[in-house]
Each structure stands twice: as C-alpha cells, then as structure tokens.
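Protein chains in written order, with our numbering: chain Z, 1 to 343; chain W, 1001 to 1140.
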C-alpha cells in the first residue's frame, strides 16, 4: 500500500483517558467538532456506571463482575442522546475489513476499531489476557504501519497491518469480527440538546442502579457479592477464595477504571452536570460517588491483605463483605434520591 | 480520592504507559491524574499470574502422567479457556474435551492438529512431542 493514506498530522490528536470506550467516543466526537466533549461527560451521558455480578459465568476462572455497563453501550447511548448517527460494520473476511478501513482513513477520517488485547504488542505482557472488547482509534497509515491512538496509552502508537489484522480478528467471547465504527452526520449540538442528554444519562443510570428487580444488578449487586464473599472461604478454601477477591480488585481498580470502580469518573461527571444544568443539588451526589469510590478503594486494600496471605481468617472475609454491603446501601440510597431529583 | 493520595507505585505498566485516574485537586474539583501503579492492584494481578502458572504446571503434570493430551497444556499456556479456544479453532467445547484424552489425541487427523498448532502458534511436531517434561521450553 502506498502512503497516500496519511492523515493531516495536526488533526492527529491523541487524547488519553482512563477507559478505552470513553476515550474513543471523546476523541471521535471532538474530531467532528464537538469541542465540549470529555471523558466523564461521555461516560455519564452514555450511562456507563453500573454494577453486576453474573452468577454462572466465570472469567479467567474467577467470578464475572463488572463496574460498568456492557461494552458498546457508552458509544451507542452518548451518540444517540446527542443526535449523532453511528456507522458500524463487522466483517467475515479480514481482507474486506482491511479494504474498508483503508478507504475510510484515505478520506482522512479517524475511525474506531474493536480489538482483542491478547496480541496487542504495545501492552505489557502481564496485561495481555483474552479480552476482546478493547477499543482503539486508527488515524492513518505511515511507513508501513497504522497510526494508532489507544486511549489508555500516553502517546500515539502504531501497529503493522498483520498485527492489526490479528487483533481485529481475535476470537472467543465478544469477538470483534473486525468491527469498525465512527460517527456520521455530526451537526451542531445545541446547549438544550446537551442538557437533555445529561439529564437522560443521569436518569438512565439511576434506573439501572435501583430499579432492576434482580439482586445481581445495580446497587443491590454489591450486597449479592457480599453474601457470596462470606461463603467463599468455607466453600472454596483460602487459595481460591483469595483468587476470587483478586479478580474483584482487578475489575475494580485496574487500568481503565479511573480508580474506585469507575465511581470517580462518575463523580467527575456529576460535578460537570451540576454546572451544565446549573443545578447545585447534584453536587452532594457527586460527593456520594466520591465516597463510594473511596470505600471501594479502602476495601481493595483490605482484600489485598487477604490475597497476600496476611489476613485469611473468616472474619477478614466478613470485613470485606461488610464493606461491600455498606457500599450497596450507600449507592442504593443515593441513586433512589437521584432518581427522584427534579432536573 | 485526593490528588496527593494518588499512588505512584512501580508496576508492570512501567516503560509502557501511566494510567489516568480521576482525582480531586486542591479546590476539590475533579481532574485527571497520572499514576504509575498501585501496590494493591499489583498484588491482585500478581496473584492472577501465580494461578495461571500453577495451572500451566498442573496441566504439564497431567500430560506427563498420561491423563491429558498436550491440547490442555497449550490451552493453559496461551491463557485460554474453552469458549476462547472454541472460538479460535471452531471446535465445540465437547469436541475439545474429547481431544484432551490422550487416546483420542493420538488418532487426531493432521488437519485437526494443524488447526491446534496454528492457534497455539507452534508446529504440529511441537504439539505432538510435548510430554510434560519439556515444559521449560515454553515457560522460561
């Protein structure tokens, strides 16, 4: 391939964010002239904050819990709320996927790609698991390599055509199938539209966190996890129980969460929402989210004590569970109030 | 979390990147902060790897004892579970489990062995010749 695909360097703006999907939404919308966009705003409008404990599913042989909504929802909901159309395409054939991508960047437009993490060469080996819902932006093609803006990286990076094909066609759960996506028809977004979008995002999260009558979903989900944690030591033994806690810590604090299981990003969003909606009543809710995030982090320290084998008595597991139950109560109450708040 | 309490511990991210966290500045407003890592989550990640390595060694032992075929070992070595290996090979979980029986594995067609070898990024010979004792070749 020739080098005609090079994008204009000045437009090749790299924005680093905590979470990949927020980052892709932010960067792509900013590219299309939505200057006010930033990570917390994308996360809040896209109703990204969540909690779920999937009881029968195992990830890496440990329980499947998530502090965020399903992959793809943030991009979909943020764009929808702002009246932006999205084009998405999946492919059977890697060649067709490559041609489509090349044509798109030849137009000079950055695009989002879903990729698997396991074969991403610029990630440290310790972080390369079979996780297929990672998102990156392709900015162009230069010196035989694709220019990649990976939102969790500090700098722009690059992938060879072979490397990119491999990660775009990773297999297994959530296989990307070469998925490519980008916003189209991004018009002027009026302040009214933004206000409406922010309100909608808040209401949606408040609904998810309080109204789903399933004990594993939303704020109640923490309580479900707490109940499970109390039984882990006697049912699974210390080693496996410790491993399960390690999984919780990773889902909660690893790169991509912004710390405290996404709660700090959401607190930052509510702070911005108060300003956008000119409504100081949202500030206490931002503070509640900060509190929840802080409690989660204290709990991570507690769990690390168990994982490292310092504190492995039943009472140590109970303490972790107690903290989870406290977080459950805090979030349930906060979101119930938030749901009733007139915005 | 306050900005000055954002941990800056050494981690596996070193020389790759720093991660964005959301922290409160002096005025109590949120902003992005960059962190090199946090010991607490480094311990959790480390524990996950201890478990992975334990599983790999356990799989090698099973192969050595003649209880399982090399498919199990390479599945663990490549950090895969059944849904992932199933996705890459196109075989059902049920079929893969059968292929893990040494007696079934011995009779596998060249075509199927090639599929496994390609997914595991090894040669068919390497796949067939793994006996559980030559584990160092893959783990060192």
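No residue lacks a Cβ here, since even glycine has one placed at the ideal position from N, Cα and C.
Across the region 1036-1056 of chain W, CB contacts with chain Z closer than 7 angstroms involve 1038, 1040, 1041, 1043, 1044, 1045, 1047, 1048, 1049 and 1051, in sequence order along the chain.
The shortest C-alpha to C-alpha distance from residue 1078 of chain W to any of W:1014, W:1038 and W:1116 is the one to W:1116.
Taken through DSSP and simplified to helix, strand or coil, residue 1099 of chain W comes out as helix.
With distances taken between CA atoms, residue 1135 of chain W lies nearest to W:1070 out of W:1102, W:1111, W:1070 and W:1024. DSSP, read as helix, strand or coil, puts residue 74 of chain Z in helix. In terms of Cβ geometry, residue 248 of chain Z and residue 295 of chain Z do not form a close pair [threshold 7 angstroms]. Annotation for residue 157 of chain Z: the continuous beta strand (DSSP E) segment containing it runs 157-159. 307 and 308: these are the residues of the region 307-326 of chain Z whose beta carbon lies less than 7 angstroms from some beta carbon of chain W, given in chain order. Spatial neighbours of residue 132 of chain Z in its own chain (CB-CB distance under 7 angstroms, excluding positions within 5 residues in sequence) are listed in chain order as 116, 170, 172, 173, 174, 175 and 176. Assignment of beta-bridge partners to residue 182 of chain Z by DSSP yields Z:87. When rounded, the separation of the alpha-carbon atoms in residue 77 of chain Z and residue 137 of chain Z is 19 angstroms. Taking 7 angstroms as the cut-off, the Cβ atoms of residue 246 of chain Z and residue 233 of chain Z do not count as close.
The beta carbon of residue 1019 of chain W falls within 7 angstroms of a beta carbon belonging to chain Z, placing the residue at that interface.
Judged by DSSP in its simplified three-state form, residue 152 of chain Z adopts coil rather than helix or strand. Counting along the chain, no beta strand (DSSP E) covers residue 1115 of chain W; the unbroken alpha helix (DSSP H) around it starts and ends at 1110-1120. The Cβ atoms of residue 1011 of chain W and residue 1033 of chain W lie no closer than 7 angstroms to each other.
Here residue 211 of chain Z carries a coil assignment [DSSP, helix/strand/coil]. At a cut-off of 7 angstroms between C-beta atoms, residue 1001 of chain W counts as an interface residue with respect to chain Z. Contact of residue 1028 of chain W with chain Z is not assigned, every C-beta pair being separated by 7 angstroms or more. Take the alpha-carbon of residue 80 of chain Z and the one of residue 279 of chain Z: they are about 24 angstroms apart. Listed along chain W, no residue sits closer than 7 angstroms to residue 163 of chain Z by beta-carbon distance, the nearest being about 14 angstroms off.
Against residue 130 of chain Z, the close residues of chain W are 1079, 1080 and 1084, in the order they occur along the chain (beta-carbon pairs closer than 7 angstroms). When DSSP reads this structure, residue 1002 of chain W sits in a beta bridge with W:1024.
Contacts between residue 137 of chain Z and chain W, judged by CB atoms closer than 7 angstroms, are missing: the closest CB pair is about 16 angstroms apart. Any Cβ of chain W closer than 7 angstroms to the Cβ of residue 172 of chain Z would place that residue at the interface, and such an atom is present.
Residues of the same chain with a CB within less than 8 angstroms of the CB of residue 83 of chain Z, apart from the 5 flanking positions on each side, are 187, 189 and 193 in chain order.
For residue 1012 of chain W, the nearest beta carbon of chain Z is closer than 7 angstroms to its own beta carbon.
At a cut-off of 3 residues, the continuous stretches assigned as beta strand (DSSP E) that sit fully inside the region 86-117 of chain Z are 111-115.
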